[in-house]
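S.K.:
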Amino acid sequence: MLMPNFPYVRAKSLKEAIQHLSSEGARIHAGGTDLLGCLRDEIFGARKLISLSQLNDLRGIRSMKDGGLRIGALTTIAEVAHHKIIQDRYPALAKAAFEVASPQLRNQGTLGGNICQKPRCWYYRGEFQCLRKGGEKCFAYKGENEFHCIFGSGGICFIVHPSDTAPVLVAYEAMVQVVGPKGTRRIPLEKFHALPSDDVQKETVLKSNEILTDVFLPPPMEGTRSSYRKVRTRRSWDFALAGVALHLRFKGDGVERARVVLSGAAPIPWRSKEVEGAITGRRLDGGTVAQAAEAAVKNAQPLEHNAYKVALFRGLLEEELWAIAKA
Ligand SMILES: Cc1cc2nc3c(=O)[nH]c(=O)nc-3n(C[C@H](O)[C@H](O)[C@H](O)COP(=O)(O)OP(=O)(O)OC[C@H]3O[C@@H](n4cnc5c(N)ncnc54)[C@H](O)[C@@H]3O)c2cc1C
Ligand code: SF4
């Protein structure tokens, strides 16, 4: 299918990009690996595309004075995966970035685009005018829902958030910087993605004229270990069927602090406070791990075809908690 015509602007500055974004139907073009497919398949339209490609300030990975890291939104996923400091200090992020798509897509796709990408629900990506596209009903609810969510749908929309990097960044307590006509704001990434109950047509809290410019990682803490594990239906590139990001601080044998975030589980990177509660202040022995794995799925609400995800997450949590205890 041919894409309809639209003006294409290569903004020379952030200010210029934001000015263009204020016009009706304007959209941001970063690496284009998700956006161009959506436009070609007419999932949504654009009256104007604003390319960020000339905004070099939005590229690159820099150490901060406080020991943390700033990653520009236009930094490619491949750069994140290969960066020495990320591999050494935030290994779960390097691992998650390596798990994204294929080498070609990692070279072209950006971290900002990965965090802001659109959902993969096949009804949404197909010709169905579902709730998320402004229609009247969710086709997945009574339809083919084997890859859909088991948490956080609100009974409204059952997408899973598709990014591998976002759950890990939430586990690391990353902040994102957003710039718009009213200035700059920083938001914990944990609060950046929107649930269907907030607004079924939006995946993030970004306003249409705002740009995600940077991701900030806090300095790594003494005694922490982190990991990301992704399960998919096949060995080559694929989105997460189920995944878990762990960021645990140990004191002696015990877990002093825990951040546990699930992917492939919910419309947003899903923080499992149940698992965090089950392991904090405890040794990761057989009893604790079994209780935590059970707690992970206690509140799951599977659909007709995705109940297998309950057992999958239970097993995944069990394996990953054992692995990090022995690391
Ligand atoms: C075949 C295939 C397999 C894939 N597999 C995986 C996978 O396994 N795991 C995974 O995590 N991802 C996967 N992806 C998604 C891929 O990682 C994303 O397409 C990519 O990260 C998007 O980055 P981009 O720079 O190309 O974004 P674009 O396509 O340019 O933009 C994506 C969306 O984000 C918006 N956007 C982009 N940058 C910004 C910004 N700075 N501020 C505000 N909005 C912005 C755009 O307007 C657009 O709506 C896959 C994609 C494909 C096509
Ligand atoms: S799950 Fe969401 S995106 Fe998919 S059909 Fe239902 S409303 Fe649409």
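Just remember that my numbering sits 8 ahead of the position in the sequence shown, which is counted from 1. From the three backbone atoms N, C-alpha and C, an ideal C-beta is built for every residue, glycine too.
Ligand 2 heavy atoms versus the CB of A148: any closer than 7 Å?
M.R.: Yes; taking the cut-off as 7 Å, the Cβ of A148 has a heavy atom of ligand 2 nearer than that.
S.K.: Per DSSP, which residues does V186 bridge with? Please list them.
M.R.: V186 pairs with R193, L220.
S.K.: When the distance is taken between beta carbons, is L29 closer than 8 Å to L4?
M.R.: What the structure shows of the chain is the stretch from 9 to 335, and residue 4 is not part of that stretch, so it cannot be assessed.
S.K.: So what does DSSP say about F321, is it helix, strand or coil?
M.R.: Helix.
S.K.: Below 8 Å between beta carbons: does that hold for H156 and C129?
M.R.: Cβ distance < 8 Å, so H156 and C129 count as in contact.
S.K.: Identify the residues that DSSP records as bridge partners of V6: which are they?
M.R.: No statement about residue 6 is possible, as the shown extent of the chain runs from 9 to 335 and does not include it.
S.K.: Would you say the beta carbon of R128 is closer than 7 Å to some non-hydrogen atom of ligand 4?
M.R.: Ligand 4 is absent from the structure shown, which contains only ligand 1 and ligand 2.
S.K.: For R48 and G162, I'd like the C-alpha separation in whole angstroms.
M.R.: Taking the straight line from one Cα to the other gives about 30 Å.
S.K.: Based on the DSSP secondary-structure assignment, which residues constitute the bridge partners of W278?
M.R.: According to DSSP, W278 bridges with L270.
S.K.: Please classify S71 as buried or exposed, where buried requires at least 16 neighbouring CB atoms within 10 angstroms.
M.R.: Under this definition S71 is an exposed residue.
S.K.: Residues in its own chain within less than 7 Å of A89 by CB, not counting five upstream and five downstream?
M.R.: The residues are A102, A105, F106, R114.
S.K.: Regarding F159 and ligand 2, is the C-beta to nearest heavy atom distance less than 7 Å?
M.R.: No.
S.K.: Indicate whether the contact test is met: 3 or more Cβ pairs, each with one atom in the segment 29–38 and one in the segment 211–231, closer than 8 Å.
M.R.: Cβ pair count under 8 Å is three or more, so yes.
S.K.: Rounded to whole angstroms, what is the Cα-Cα separation between F147 and L139?
M.R.: Near 9 Å, if we compare the C-alpha coordinates of L139 and F147.
S.K.: So, does the segment 311–331 touch the segment 247–260, judging by three or more C-beta pairs under 8 Å?
M.R.: Touching, yes, given that three or more Cβ pairs across the two stretches are closer than 8 Å.
S.K.: Going by DSSP in three states, E264 sits in which element: helix, strand or coil?
M.R.: Three-state DSSP puts E264 in a strand.
S.K.: On a CA-only basis, which of R240, V168, L43 is nearest G121? Give me that one, please.
M.R.: Considering only alpha carbons, the answer is L43.
S.K.: For the candidate residues V178, V168, V176, whose alpha-carbon lies nearest to that of P388?
M.R.: Outside the shown range of the chain (9 to 335) lies residue 388, about which nothing can therefore be said.
S.K.: Provide the residue(s) that pair with S59 in DSSP beta bridges, ordered along the chain.
M.R.: Answer by DSSP bridge pairing, in chain order: R18, H37.
S.K.: Whole angstroms are fine: how far does the CA of L10 sit from the CA of V184?
M.R.: Straight-line Cα distance between these residues: approximately 35 Å.
S.K.: Given that a residue counts as buried once 16 or more other Cβ atoms are within 10 Å of its Cβ, and exposed if not, what is A331?
M.R.: Exposed, because fewer than 16 other Cβ atoms sit within 10 Å of the Cβ of A331.
S.K.: CB-CB under 8 Å to R194, same chain, minus the five flanking residues each way: which ones, in chain order?
M.R.: The residues are M183, V184, Q185, V186, F224.
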